[in-house]
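Student: In the UniProt record's numbering, the protein residues as written are 1 to 186. Using N, Cα and C, we set each Cβ at its ideal position, and we do this for glycine too. Here the structure is a predicted model, which is why all the values come from computation and not from measurement.
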């Protein structure tokens, strides 16, 4: 599993490995679909909110990640959840972190934003269809980790892990609406 893929070059390596017959899986995360390196440039350490590894890249890399989801370079879509609160002295702006980016704790919250971001920016904007959404967030995870067909499908004798999703519900992701949000979302 090649995780946290954030650029075209890494995606090409996954493709080449598959062409050589290797069984390899790719994964990307919400931040690489909605953030770019420009988010790291916020004034007064505002950019510290988006420090993660690898960092958000340029707009071309962001578009490449969307293409990777469409073209099945990525098998799964994960959260990379690592919630350091921005406004907490033990979070992003530790005494050292408030003076230099190299001391800013590395990671951003993602678990609560993962599905809403992929749905609103992917399905609703026509970048992926609903079947690909389900594959990236459920079915392929179950297959990758050896849980399929007990998990990841709606079938006789499978676990009934079902989510009801209202595609027309509008919601703004806020600190209060996202579990373990770290005070912000990607």
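#1: Cα-Cα, which of 49, 120 and 5 is closest to residue 170?
#2: Using the Cβ count rule (16 or more neighbours within 10 Å means buried), how would you classify residue 147?
#3: Nearest by alpha-carbon distance to residue 126: which of 21, 69, 4 and 172 is it?
#4: When the Cβ atoms of the stretch 106-123 are set against those of the stretch 68-82, are three or more pairs found closer than 8 Å?
#5: Along the alpha helix (DSSP H) that carries residue 65, what are the first and last residues, could you check?
#6: Buried or exposed: residue 167, going by 16 or more other Cβ atoms within 10 Å of its Cβ?
#7: Using the Cβ count rule (16 or more neighbours within 10 Å means buried), how would you classify residue 145?
#8: Apply the 10 Å Cβ neighbour rule to residue 41 and answer buried if 16 or more other Cβ atoms are within range, or exposed otherwise.
#9: Let me know the alpha helix (DSSP H) ranges lying completely inside the UniProt domain "Amidohydrolase-related" (61-168), each 4 residues or longer, listed in chain order.
#10: The alpha helix (DSSP H) that contains residue 11, what's its start and end?
#11: Classify residue 2 as helix, strand or coil using the three-state DSSP reduction.
#12: Would you check if the distance between the CB atom of residue 122 and the CB atom of residue 139 is smaller than 8 Å?
Tutor: Checking against the coordinates, here is how it stands:
#1: Indexing the chain shown from 1 puts residue 170 at position 170. Cα-wise, what sits closest to residue 170 is 120.
#2: Residue mapping note: residue 147 aligns to position 147 of the chain shown, counting from 1. Label assigned to residue 147: exposed.
#3: Sequence index remark: in the chain shown, residue 126 carries index 126 (1-based). Cα-wise, what sits closest to residue 126 is 69.
#4: Inter-segment contact for the stretch 106-123 and the stretch 68-82 is present: three or more beta-carbon pairs are separated by less than 8 Å.
#5: Translated into positions along the chain shown, residue 65 becomes position 65. Per DSSP, residue 65 belongs to the alpha helix (DSSP H) from 59-70.
#6: As a first step, residue 167 must be located in the chain shown, where it is residue number 167. That one is exposed.
#7: Counting from one through the chain shown, the residue named residue 145 turns up at place 145. It counts as exposed.
#8: By one-based count along the chain shown, residue 41 stands at place 41. With fewer than 16 Cβ atoms within 10 Å of its Cβ, residue 41 is classed as exposed.
#9: 114-117, 130-134 and 140-144
#10: As a working note, residue 11 is residue 11 in the chain shown. Element bounds for residue 11: 8-19.
#11: Within the chain shown, numbered from 1, the residue matching residue 2 stands at position 2. Reduced to three states, the DSSP call for residue 2 is strand.
#12: The residue you call residue 122 lines up with position 122 of the chain shown. The residue you call residue 139 lines up with position 139 of the chain shown. It is not a contact, given that the beta carbons lie outside the stated cut-off.
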